[in-house]
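Residue numbers (my numbering): 2 to 706. All residues carry an ideal CB built from backbone N, CA and C; glycine is no exception. Bear in mind that the values here come from a model prediction, so they are computed numbers and not experimental data. Data first, discussion second: the structure below is written as structure tokens.
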């Protein structure tokens, strides 16, 4: 090798676990990325065990930080045939070099997950037979079984050729020289392809205690009982380059950077496409969506549609086509059509109610001829985010809809979105307490009494339970539980969010078995899909729709009258008299104690009054002191004034009090000159300001406007 080959101008960590290797990794993907940037690493590979659940978070963090390339891979354990010796199992890290390699990686992880029960996986030599084109493979030797290591390495080279490398992990354990010699001897079998890796489990050394704790939690024992199951070294963290240079031969460090150059794939290369089989062959998706919308217009307005509504529909269709969302709308329309054909009650809700196209397609029931809509609340060019349509179905019959989707697209192209089940204060305290050997009675008292404010611990509550907050064991418990807060425990299935794809899903993201039979789940959650602009359809269950169905059936049986949601009289005075008395037990959305207490004060007299009633009993309006001004104005005890006619048009239906998010958007547009897309960005920032503090960029713009 030349001098240039051996100088470690940069280092790339190619073996790193986050806390998405459940109860092994002790740091968040974002923490690992931030630390790698601070240390000046050239690249970081996130290689959680049989998982890519954390890669989107790491990818977004790397984009935001800049200066670090994220490599995507996974650590796997490959088992021999059931009759073979246990020593024949081996550990590998598979790294994606290009789009094909990433697809092969996801397919491999899917095979392993689908071959085992939820939460586990099984891979054999046979699963590697295809050679994983587009991937690089690192072998993680045991070093204690040199014959098995040599046998595995020869077999791996026969499968992967020059794409297999020997991963060398060194720590200050007193046997560094012996390990280097053993690695070099093994490396001779594959022409000396040895690369330095850190076997990273945490971003800083300070997480060692947490890593020991989660290991004990995983094994169901105490830290003291875990013994040799704990990591022998506390050095499995992202170490400074000077530390690495003092341990590793320089050519091994240089190899990490060269190998990283062979792994340029990023998630930006994902070529996700929505299914297109719903479109007749002779038409484009744009033409077919327009035709269905025109048919819906005739159904909704048999006597003709106003010019204003038609302009709104054309505007929406043009924007949907520009953003290539036609397939998504066609899919939701198809699912709703299936439900209605089967007599399953369903209705869209949420921001989709701002869409006239959704109304024409029968997805929502908000008439644009009667309501002023703000489509940008639903879809906006300025907001780089896909639309999200939530559709409620009868909870007793939703499974029919789910199985229809599986049947329509096949299990290779449709799966439920994941939900990350994370540690909360009580579960963190209980699990950490058990791992530390603290009496369950004591941790239960703390778990019930404790309240967290961010990462701060309320000492008074600790004292109230009879515990001493300065006791070393209690302090250790509270510190470790605080570190564990927010860490994922496992993946569960989303309540109904489906990802559907034109190509096989296992080329996009690994798919695994759900706890429920006949269900499969991807390894990404809804936030991951939003970050990657992947389209999800929410098939949700609503018990009230089942109650309505039974009510319609009873009315038909006892009174011989056919009713539907559309045919129920909208403005029945007797109903509003009952509602105004607070007699609403069992009435959807207005049966809580807070709603029942407010109803006699507000006394709804029409449907829009009910809309206000539901909206005003929420944390935002209550904390913003909007409830009492509205009631005083409604009861004539306070004058209603507006600073301008434009503001009056926005707020007149709520008596000058901004109650709805759409009103906030319209106020920004008429008062400060925001575009509709900019106004939606303001709305989103306001919704998340406590968590993210994103309002500052809008302050001067509002003042200037």
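Cβ of residue 434 within 7 Å of Cβ of residue 478? yes
Along the chain, where does the beta strand (DSSP E) containing residue 514 start, and where does it finish? 512-514
Go ahead and pull the three-state DSSP assignment for residue 575. helix
By how many angstroms is the C-alpha of residue 45 removed from the C-alpha of residue 15? 6 Å
Length-filtered (4 minimum) alpha helix (DSSP H) runs lying within the segment 55-117: 56-66, 100-115
Can you round the beta-carbon distance between residue 542 and residue 394 to whole angstroms, since I take them to be within the 8 Å contact cut? 6 Å
Given 8 Å as the limit, is there contact between the segment 278-295 and the segment 520-527, that is, 3 or more CB pairs closer than that? no
Specify, as a first and last residue, the run of the beta strand (DSSP E) that residue 473 falls within. That residue, residue 473, is in no beta strand (DSSP E); its alpha helix (DSSP H) goes 473-485.
Inter-residue spacing [alpha-carbon to alpha-carbon] between residue 647 and residue 676: 15 Å
Exposed or buried, residue 274, counting other C-beta atoms within 10 Å across all chains shown (16 or more means buried)? exposed
State the beta-bridge partners of residue 675 as determined by DSSP. DSSP, once it has assigned bridges, lists no residue as partnering residue 675.
At the level of alpha carbons, what is the spacing between residue 163 and residue 192? 9 Å
Which of helix, strand or coil DSSP assigns to residue 292: helix
On a CA-only basis, which of 345, 285, 297 is nearest residue 548? Give me that one, please. 345
Is residue 605 buried or exposed, if buried means 16 or more other CB atoms sit within 10 Å of its CB? buried
List the endpoints of the continuous beta strand (DSSP E) containing residue 494. 489-501
Using C-beta distances below 8 Å, list every residue in its chain close to residue 446, excluding the 5 sequence neighbours before and after it, in chain order. 466, 467, 468
Between which two residues does the beta strand (DSSP E) harbouring residue 196 extend? 195-197
Using the C-alpha atoms, what's the distance from residue 210 back to residue 174? 18 Å
Could you tell me which of 489, 653, 625, 640 sits nearest to residue 609, measuring between CA atoms? 653
Between which two residues does the alpha helix (DSSP H) holding residue 166 run? Counting along the chain, residue 166 falls outside any alpha helix (DSSP H), though it belongs to the beta strand (DSSP E) covering 165-169.
Neighbourhood of residue 429 by C-beta distance below 7 Å, restricted to the same chain and skipping five residues each side: 482, 485, 486
Beta-carbon separation (whole angstroms), residue 76 vs residue 50, contact threshold 8 Å: 5 Å
Leaving out five residues before and five after residue 703 in sequence, what residues of the same chain have Cβ atoms less than 6 Å from its Cβ? 673
Is it the case that the Cβ atoms of residue 105 and residue 136 are separated by a distance below 7 Å? yes
As assigned by DSSP and simplified to three states, the class of residue 666: helix
Starting from the N-terminal side, write out each stretch of the alpha helix (DSSP H) that is 4 residues or longer and does not extend beyond the segment 242-320. 242-248, 251-262, 286-301
Tell me the rounded alpha-carbon separation between residue 491 and residue 375. 38 Å
Just mark residue 551 as buried or exposed, buried being the case when its beta carbon has 16 or more other beta carbons within 10 Å. exposed
For residue 313 and residue 110, the rounded distance between their alpha carbons: 46 Å
Quick one: what's got a C-beta closer than 6 Å to residue 199's C-beta in the same chain, skipping five residues either side? 14
Quick one: what's got a C-beta closer than 7 Å to residue 407's C-beta in the same chain, skipping five residues either side? 415
Could you check if residue 216 is buried or exposed, using at least 16 other CB atoms within 10 Å of its CB as the buried criterion? buried
Between which two residues does the alpha helix (DSSP H) containing residue 361 stretch? 357-361
Selection from 656, 613, 99, 643 that minimises the alpha carbon distance to residue 634: 656
Contact defined as beta carbons within less than 8 Å: I believe residue 350 pairs with residue 681. What is the distance between those atoms, to the nearest angstrom? Wrong, their Cβ atoms sit about 18 Å apart, outside the cutoff.
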